[in-house]
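A quick write-up on the structure given underneath.
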């Protein structure tokens with residue numbers, strides 16, 4: 048597979064929850080400014096893999112990893128990685144919208160303030176820019192100082208994406224971002240992901256095969272902790288090499 | 013022969029009647045006490061209650077109030093809030109966050125539940141042994157500390173419960189933006205739990221404002237207005253206890269008036285607290 052500009056280089060990654068070997072010897076390159084979809088049945092390790100990229104597993108005891116994930120020339124799995132700065136370069140959006148219990152403005156300002164940006168005009172500018180990128184400006188521009196809890200589920204998810212975009216990360220990791228949303232909101236989020244990929248690399252875990260086919264440039268199929276096949280999305284969906292991939296994509300199991 | 017279905021219906025009816033009777037009995041006495049306090053209290057209440065200090069009984073023309081007891085009560089309760097609330101919030105935060113999977117966390121949580129129903133006189137004697145006896149006499153700080161100990165488990169447990177209500181993924185989202193744990197707690201979780209924690213504090217204040225037993229051993233009582241927490245402090249509850257048992261008619265009337273005020277105060281705080289919960293769940 049020809050790769051041009053690789054942003055994440057995964058090499059022989061193994062991940063264990065206690066004795067459970069959740070990710071088994073995965074190696075893959077994630078291309079910059081592209082959308083890479085991780086698909087596979089529940090429990091195949093795709094979310095575990097995603098959460099390795101921003102070291103989310105550090106929050107919990109009893110797991111360990113082997114192998115490398117090279118990002119900006121460094122193995123981010125190294126013990127001396129500054130997890131705080133890594134996470135500001137690697138945003139994450141979750142399955143359920145996660146607005147903070149504060150105003151829309153403060154929600155998006157949160158990551159910026161963590162980075163030490165206090166200047167009010169700079170904050171306001173970057174917040175407006177982020178909300179516009181997330182295609183939410185028309186809906187919330189007149190109520191930035193109201194609680195984010197008052198937004199609909201789809202709006203909240205776009206708010207969360209705006210919050211991730213505001214700190215200008217290199218990568219945003221999406222963990223089934225639309226599985227809790229209605230089709231119209233889902234469509235808006237998909238459009239949004241396509242529109243921001245020139246600024247940010249996207250890795251998305253999805254259970255929705257059509258979604259992977261619609262928006263992603265590359266698709267990785269995982270099964271029982273292993274990476275079965277990884278290729279351009281149109282190849283994966285039209286002429287996969289592996290029988291297993293074909294069976295999964297055509298809905299014969301999963 | 014009674015069939016299974018008929019038997020269940022009879023059992024159901026019997027349980028309904030019994031529980032309704034029990035509830036009616038409880039409500040009857042609750043309203044009886046409230047009505048009695050209101051009736052006697054309203055007859056005895058006037059502005060002098062709040063503006064004058066206690067006067068010796070049986071003196072011709074002497075008029076007295078309970079200003080000293082109101083001031084003392086406020087200082088004791090305020091002192092208890094100052095000690096109990098920060099400790100309780102920090103303790104509850106530990107249980108909900110850092111200690112949530114630990115054995116010691118679960119142990120403390122269970123212990124707090126037991127302490128909530130601990131007889132307050134035992135807390136009074138405990139504080140007596142560590143803050144009164146070693147310091148040579150009754151003092152206001154000991155009273156505030158005793159009330160704080162009673163507040164503590166209530167504040168700890170509501171803080172813990174309210175913080176647990178904040179979804180775990182909300183915390184993960186804050187971590188994912190690069191926030192360290194203490195900022196996740198103070199800026200995100202506390203914010204989400206603030207209304208609930210505040211309600212818990214209100215209810216704990218209502219709980220301690222009516223306590224007499226722990227004060228008998230600690231702040232005792234005083235018939236003079238004082239702002240010195242290191243000496244005996246007057247309190248409404250102990251004053252009610254002493255005045256109600258006295259043979260003097262004026263004192264008994266003052267006790268009724270004080271009972272009225274304190275009952276009203278606790279009632280209002282309770283209602284406010286509960287309204288706050290309702291309002292929170294509406295939003």
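Protein chains in written order, with the numbering used here: chain A, 48 to 301; chain B, 13 to 295. The beta carbon of each residue, even a glycine, is placed where N, CA and C say it ideally should be. In this text, all values refer to a predicted model and were calculated from it rather than measured experimentally.
Give me the Cβ distance between residue i and residue j, rounded to the nearest whole Å; I'm assuming they're in contact under 8 Å.
i: residue 133 of chain A; j: residue 214 of chain A; result: Not confirmed; about 12 Å, so no contact.
i: residue 156 of chain B; j: residue 243 of chain B; result: Actually they do not touch by this definition, with Cβ atoms about 13 Å apart.
i: residue 239 of chain A; j: residue 205 of chain A; result: 7 Å
i: residue 223 of chain A; j: residue 248 of chain A; result: Rounded, the Cβ-Cβ distance is 18 Å, inconsistent with contact.
i: residue 195 of chain A; j: residue 154 of chain A; result: 5 Å
i: residue 248 of chain B; j: residue 62 of chain B; result: Rounded, the Cβ-Cβ distance is 12 Å, inconsistent with contact.
i: residue 258 of chain B; j: residue 150 of chain B; result: Not confirmed; about 20 Å, so no contact.
i: residue 244 of chain A; j: residue 81 of chain A; result: 7 Å
i: residue 142 of chain A; j: residue 226 of chain A; result: 6 Å
i: residue 92 of chain A; j: residue 108 of chain A; result: The Cβ separation is near 20 Å, so there is no contact.
i: residue 278 of chain B; j: residue 222 of chain B; result: 5 Å
i: residue 144 of chain B; j: residue 239 of chain B; result: At roughly 19 Å, the Cβ-Cβ gap does not stay under 8 Å, so residue 144 of chain B and residue 239 of chain B are not in contact.
i: residue 298 of chain B; j: residue 214 of chain B; result: The structure shown does not extend to residue 298 of chain B, since chain B is modelled only from 13 through 295, so no value can be given for it.
Measure from the alpha carbon of residue i to the alpha carbon of each residue in the options, then state which is nearest.
i: residue 139 of chain A; options: A/91, A/149, A/68, A/217; result: A/217
i: residue 232 of chain A; options: A/169, A/174, A/201; result: A/201
i: residue 87 of chain B; options: B/220, B/98, B/133; result: B/220
i: residue 253 of chain B; options: B/238, B/225, B/236; result: B/225
i: residue 200 of chain B; options: B/179, B/138, B/101, B/210; result: B/179
i: residue 102 of chain A; options: A/118, A/161, A/170; result: A/118
i: residue 263 of chain B; options: B/192, B/47, B/76; result: B/76
i: residue 152 of chain A; options: A/127, A/282, A/100, A/203; result: A/203
i: residue 291 of chain A; options: A/267, A/257, A/121; result: A/267
i: residue 177 of chain B; options: B/143, B/202, B/69; result: B/202
i: residue 130 of chain A; options: B/192, B/280, B/208, B/251; result: B/192
i: residue 136 of chain A; options: A/64, A/54, A/168, A/90; result: A/54
i: residue 192 of chain A; options: A/64, A/265, A/156, A/211; result: A/156
i: residue 104 of chain B; options: B/173, B/66, B/34, B/233; result: B/173
i: residue 291 of chain B; options: B/52, B/78, B/208, B/80; result: B/208
Spell out the partners DSSP gives residue i in its beta bridges.
i: residue 61 of chain A; result: A/113
i: residue 135 of chain A; result: Residue 135 of chain A is not bridged to any residue.
i: residue 368 of chain A; result: No answer is possible for residue 368 of chain A: it lies beyond the span of chain A, which begins at 48 and ends at 301.
i: residue 278 of chain A; result: A/266
i: residue 122 of chain A; result: A/117
i: residue 150 of chain A; result: A/194
i: residue 68 of chain A; result: A/63
i: residue 159 of chain B; result: BP columns for residue 159 of chain B are empty, so no partner.
i: residue 273 of chain A; result: A/270
i: residue 73 of chain A; result: A/60
i: residue 55 of chain A; result: A/77, A/118
i: residue 140 of chain A; result: A/221
Report the rounded CA-to-CA distance for residue i versus residue j, giving the unit in angstroms.
i: residue 241 of chain B; j: residue 84 of chain B; result: 9 Å
i: residue 288 of chain B; j: residue 212 of chain B; result: 10 Å
i: residue 159 of chain B; j: residue 175 of chain B; result: 24 Å
i: residue 216 of chain B; j: residue 50 of chain B; result: 23 Å
i: residue 251 of chain A; j: residue 85 of chain A; result: 6 Å
i: residue 117 of chain B; j: residue 171 of chain B; result: 14 Å
i: residue 289 of chain A; j: residue 237 of chain A; result: 28 Å
i: residue 134 of chain B; j: residue 227 of chain B; result: 11 Å
i: residue 40 of chain B; j: residue 32 of chain B; result: 12 Å
i: residue 188 of chain A; j: residue 24 of chain B; result: 58 Å
i: residue 87 of chain A; j: residue 293 of chain A; result: 12 Å
i: residue 206 of chain B; j: residue 28 of chain B; result: 39 Å
i: residue 20 of chain B; j: residue 106 of chain B; result: 48 Å
i: residue 190 of chain A; j: residue 170 of chain A; result: 16 Å
i: residue 273 of chain B; j: residue 30 of chain B; result: 35 Å
i: residue 48 of chain A; j: residue 111 of chain B; result: For residue 48 of chain A, the predicted structure reports a pLDDT of 49, less than 50, and the residue's modelled location is therefore unreliable. The matter cannot be settled from this model.
i: residue 313 of chain A; j: residue 79 of chain A; result: A question about residue 313 of chain A goes unanswered here, because the residues of chain A that appear run from 48 up to 301.
i: residue 138 of chain B; j: residue 132 of chain B; result: 10 Å
i: residue 99 of chain B; j: residue 93 of chain B; result: 10 Å
i: residue 230 of chain A; j: residue 114 of chain B; result: 42 Å
i: residue 89 of chain B; j: residue 97 of chain B; result: 11 Å
i: residue 60 of chain B; j: residue 101 of chain B; result: 39 Å
i: residue 142 of chain B; j: residue 152 of chain B; result: 14 Å
i: residue 146 of chain B; j: residue 80 of chain B; result: 26 Å
i: residue 228 of chain A; j: residue 198 of chain A; result: 13 Å
i: residue 197 of chain B; j: residue 190 of chain B; result: 13 Å
If you measure from the CB of residue i, is any heavy atom of the ligand ZN nearer than 8 Å?
i: residue 262 of chain A; result: The ligand ZN is not among the ligands present in this structure, which contains no ligands whatsoever.
Any chance the segment 267-276 of chain B sits against the segment 49-63 of chain B, with 3 or more Cβ pairs inside 8 Å? yes
When you compare the segment 175-190 of chain A with the segment 107-118 of chain A, are there three or more beta-carbon pairs, one atom per stretch, that lie closer than 8 Å? no
Does the structure place the segment 60-75 of chain A close enough to the segment 262-274 of chain A that three or more beta carbon pairs sit under 8 Å? yes
Stretch-stretch touch, CB-based, cutoff 8 Å, three pairs: the segment 137-153 of chain A with the segment 182-198 of chain B: yes
Contact the segment 116-133 of chain B vs the segment 155-174 of chain B: 3+ CB pairs below 8 Å: yes
Within the chosen definition, does the segment 50-70 of chain A reach the segment 78-97 of chain A through at least 3 CB pairs nearer than 8 Å? yes
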